[in-house]
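Start counting the sequence shown at 1; every next residue gets the next number (my numbering).
Every residue, glycine too, gets a C-beta built ideally from N, C-alpha and C.
Structure first, then comments.
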Amino acid sequence: MAHDFLDLPGGRRIAYALREGGSPTVVFLGGFRSDMTGTKASFLDGWASGAGLGFLRFDYTGHGASSGRFEDGAIGDWVQDAAETIGALTRGPLILVGSSMGGWIALRLVALLGERVAGLIGIAAAPDFTEDSMWAEMDEPTRARLITEGQVEVPSDYEAPYPITRRLIEDGRENLVLRTPLRLPFPVRLLHGTADTDVEQAVALRLLDHAEGPDIRLTLVKDADHRFSSEATLALLASTLAEVVSDAADRT
């Protein structure tokens, strides 16, 4: 797919694709080690085009076509990438659509973007996963090695083992969203598959219980996996986004 580049402070070069359109602008926030060319991002780009809405997708530093090495990055860096890219390329109300780690980043952006956020969709959202999944599941020898050596490799169901750094874990603790009040004063829809082996249903239920807001709903989809990219789940995603756009418009 064709993309452009945005130069940000610190030598960061962010690859992005922006479709101009009406308001609100839909912003897709990808997952851990993913990029903006995935099935969900491409599908939503097409949906937004048909709906006449603006659509922004991009790669965090160390991901996809953007600059930097993955192992040098952390949650706070990717939140900053997102906030600065959105700030530079968009105006007006936003609907944030976060997939997996992107759901965590979307929740962090709420505090940074303020009233610009008109709605939020989490697809297998994974808030606080560096602490509650990665760190929690490490045995003591692995934790000790991570602290002393600064990095360990973990297996993946999708690719070769990848590095987890001490900085990723420590920075993650500075960005946790489930330990302090989380006010979401706009339409929020959480979508989660019952066959997701990467992010447990308990995470979605904890987020639903913890977040505060007038219009927050969780939909569990039987047998859907973490990718959430089947024809049926994409159709659900489209109808959910249409609902959030409509509800957000009613509130303005």
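Simplified DSSP assignment, three categories, for residue i
i, result
"residue 57", "strand"
"residue 10", "helix"
"residue 176", "coil"
"residue 97", "strand"
"residue 200", "coil"
"residue 69", "coil"
"residue 206", "helix"
"residue 126", "coil"
"residue 43", "helix"
"residue 225", "coil"
"residue 248", "helix"
"residue 233", "helix"
"residue 160", "coil"
"residue 48", "helix"
Bridge-paired residues (DSSP) for residue i
i, result
"residue 258", "Nothing can be reported for residue 258, as the shown portion of the chain is limited to 1 through 252."
"residue 165", "151"
"residue 189", "121 and 217"
"residue 15", "5"
"residue 22", "53"
"residue 137", "Paired residue(s): none; residue 137 is not in a bridge."
"residue 183", "212"
Outcome for residue i when other beta-carbon atoms lying within 10 angstroms are tallied against a minimum of 16
i, result
"residue 5", "exposed"
"residue 81", "buried"
"residue 160", "exposed"
"residue 222", "exposed"
"residue 108", "buried"
"residue 77", "buried"
"residue 102", "buried"
"residue 1", "exposed"
"residue 73", "buried"
"residue 7", "exposed"
"residue 130", "buried"
"residue 39", "exposed"
"residue 181", "exposed"
Extent of the continuous alpha helix (DSSP H) run through residue i
i, result
"residue 141", "140 to 149"
"residue 110", "101 to 113"
"residue 301", "Shown here, the chain extends from 1 to 252; a query on residue 301 therefore has no answer."
"residue 79", "75 to 89"
Limits of the unbroken beta strand (DSSP E) element including residue i
i, result
"residue 221", "216 to 221"
Cβ-heavy atom distance, residue i to the ligand GTP, below 7 Å
i, result
"residue 161", "Absence of the ligand GTP is noted for the structure shown, with no ligands found whatsoever."
Q: Pair every Cβ in the segment 184 to 196 with every Cβ in the segment 204 to 221, then say whether three or more of these pairs are closer than 8 Å.
A: Three or more beta-carbon pairs drawn from the segment 184 to 196 and the segment 204 to 221 are found closer than 8 Å, and the two stretches are therefore classed as touching.
Q: For the segment 128 to 144 and the segment 113 to 120, state whether three or more C-beta atom pairs, one from each stretch, are separated by less than 8 Å.
A: Because the criterion of three Cβ pairs below 8 Å is not met, the segment 128 to 144 and the segment 113 to 120 do not touch.
Q) Three or more C-beta pairs closer than 8 Å, one from the segment 90 to 106 and one from the segment 15 to 25: is that the case here? A) Contact holds: three or more Cβ-Cβ distances are below 8 Å.
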